[in-house]
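Read left to right, the sequence shown gives residues 16 to 367 (the working numbering).
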Amino acid sequence: MILVTGGAGFIGGNFVLDWLANPVAKGIVNLDKLTYAGNLATLKSLKNDARHIFVQGDIGDYDLVLSLLKKHQILAVVNFAAESHVDRSIHGPGEFIQTNVVGTFNLLEAVRAYWSDLSDSAKKEFRFLHVSTDEVYGSLSPTDPAFSETNPYEPNSPYSASKAASDHLVRAWHHTYGLPVITTNCSNNYGPYHFPEKLIPLVILNALAGKPLPIYGDGQQIRDWLYVKDHCSAIRRVLEAGKLGETYNVGGWNEKPNLDVVHAICSILDSLRPKTDGASYASQITYVKDRPGHDRRYAIDASKLQRELGWKPAETFETGIQKTVQWYLDNQEWIDGVISGSYRDWVKKQYN
Ligand code: NAD
Ligand code: TYD
Numbered sequence: 016m017i018l019v020t021g022g023a024g025f026i027g028g029n030f031v032l033d034w035l036a037n038p039v040a041k042g043i044v045n046l047d048k049l050t051y052a053g054n055l056a057t058l059k060s061l062k063n064d065a066r067h068i069f070v071q072g073d074i075g076d077y078d079l080v081l082s083l084l085k086k087h088q089i090l091a092v093v094n095f096a097a098e099s100h101v102d103r104s105i106h107g108p109g110e111f112i113q114t115n116v117v118g119t120f121n122l123l124e125a126v127r128a129y130w131s132d133l134s135d136s137a138k139k140e141f142r143f144l145h146v147s148t149d150e151v152y153g154s155l156s157p158t159d160p161a162f163s164e165t166n167p168y169e170p171n172s173p174y175s176a177s178k179a180a181s182d183h184l185v186r187a188w189h190h191t192y193g194l195p196v197i198t199t200n201c202s203n204n205y206g207p208y209h210f211p212e213k214l215i216p217l218v219i220l221n222a223l224a225g226k227p228l229p230i231y232g233d234g235q236q237i238r239d240w241l242y243v244k245d246h247c248s249a250i251r252r253v254l255e256a257g258k259l260g261e262t263y264n265v266g267g268w269n270e271k272p273n274l275d276v277v278h279a280i281c282s283i284l285d286s287l288r289p290k291t292d293g294a295s296y297a298s299q300i301t302y303v304k305d306r307p308g309h310d311r312r313y314a315i316d317a318s319k320l321q322r323e324l325g326w327k328p329a330e331t332f333e334t335g336i337q338k339t340v341q342w343y344l345d346n347q348e349w350i351d352g353v354i355s356g357s358y359r360d361w362v363k364k365q366y367n
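Now the structure itself:
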């Protein structure tokens, strides 16, 4: 079996579903703390699949992690678990340090203890894949080349600083202890099961609810969008063929200013679910106060992954965003489950 952490979140959940869609895939032990971002409804279709074992718990719980590794004779760990939302890290950075830094440290230590006792051949086969972000590289000017794996780390938000710290720990555990690690640094994901605090699902749901579509600052900040299922296929590829100790950038080759992303969503909704008053959903766009320290531009150069491991994304932004909007229109039950009281409290705190 493999151990997936954070597998009830957005990307981890998609990864677990896609992995187990392969009938001959190894089983998954899914360790997730079920914070506000964890959602078992995402994994509902696996209810009767014996290959999926869900465990509610913390990556920072050394004893629990070590016992799961031993009990299930884990062959690989894929670490998605993290606090992941920049705006929340600005309001309250403490949880980000706790999970992303201290939690990753404890996870690495439990994995090291387990791995050290494996046979030589099992040691060679074992993998620890750490899922990170392009945000560790900082912010680009409009003319800078896209981030490559050799860019220096220049994190600007409490979130990206905590992820950068975790990446450094992972790197050091390889260099010092020989732990067989690989790190992936990925651009902004979007797609099914995305918690509606992030731009794309927030805009889709606010549009349908007749609420303002909040654009921070001038809306010209650029992100490089990757359809989540392409991210999952990249991780599977890196797991099977990535070189130990290496990092791989994963991106969609889809740089877009935020305002263009919001307009794209509005025009898809205009055709799939026209507003009753005949206006465009774009009429709901509202400019709001900018995010403090807002990074201006991210762009990923994913050519190493293509050159060395033959991976490239299957979706363009146009095909991926169409599928995403359609998914939200088709999955009202999942949406109802996440728009809880605590979600409403967050929206009030952030946008009031
Ligand atoms: P998410 O916030 O949707 O999910 C995180 C999951 O981790 C949740 O299920 C949560 O319950 C769980 N979790 C949090 N703290 C935990 C802990 N201490 N122990 C165990 N589980 C815990 O995040 P996501 O968007 O799915 O991101 C997954 C990973 O990918 C993160 O490491 C993130 O930094 C990275 N990443 C995300 C993006 C993106 O666009 N979403 C882009 C690049 C990298
Ligand atoms: P987000 O989805 O939070 O991802 P990240 O900050 O990790 O890139 O935000 C994507 C971009 O959209 C970012 O530039 C901030 C902007 N944004 C808005 O303009 N309005 C919003 O309500 C949100 C949540 C984000």
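We put the beta carbon where it would ideally sit given N, CA and C, even for glycine. Computed from a prediction, not measured in an experiment: that's the story for all the values here.
Per DSSP, cross-strand counterpart(s) of residue i
i    : result
K138 : Paired residues: none, contrary to the question.
W240 : N203
N269 : According to DSSP, which records beta bridges pairwise, N269 is partnered with nothing at all.
L46  : T20, V70
I315 : F162
N94  : T20, H145
Helix, strand or coil at residue i [DSSP, three-state]
i    : result
H87  : coil
T20  : strand
F25  : helix
S355 : coil
E323 : helix
H145 : strand
L284 : helix
T301 : strand
P229 : strand
T262 : strand
N115 : helix
V39  : coil
N346 : coil
G109 : helix
T334 : helix
Y208 : coil
A294 : coil
R155 : Looking at the sequence provided, one finds Leu at residue 155 rather than Arg. Correct three-state label for L155: coil.
S99  : coil
Buried/exposed call for residue i, threshold 16 Cβ in 10 Å
i    : result
R103 : buried
R288 : exposed
S99  : buried
V31  : buried
V39  : exposed
P216 : buried
T57  : buried
V303 : exposed
T262 : buried
T160 : Note on residue identity: the sequence assigns Pro, not Thr, to residue 160. P160 is exposed by the Cβ-count criterion.
N203 : buried
K364 : exposed
* To do: Tell me the start and end of each unbroken alpha helix (DSSP H) in the region 160-205 that is at least 4 residues and wholly inside, in chain order.
  => 173-192
* To do: Could you tell me whether the region 168-187 touches the region 229-247, where touching means 3 or more Cβ pairs closer than 8 Å?
  => no
* Examine the Cβ distances between the region 218-230 and the region 162-180 and report whether three or more of them are shorter than 8 Å. => no
* Is it true that the region 132-147 meets the region 282-296, where meeting means three or more beta-carbon pairs spaced less than 8 Å apart? -> no
* Asked: Does the region 76-85 touch the region 113-130, meaning 3 or more C-beta pairs lie closer than 8 Å?
  -> yes
* the region 280-287 in contact with the region 196-208 per 3-pair CB rule at 8 Å -> no
* Touch check for the region 340-348 and the region 236-248: three-plus C-beta pairs under 8 Å? -> no
* To do: Taking 8 Å as the threshold, find out whether the region 245-254 comes into contact with the region 189-203 through three or more Cβ pairs.
  => yes
* **Stretch pair the region 46-66 + the region 258-269: three plus CB contacts closer than 8 Å** => no
* Contact between the region 60-71 and the region 42-49: three or more CB pairs below 8 Å? -> yes
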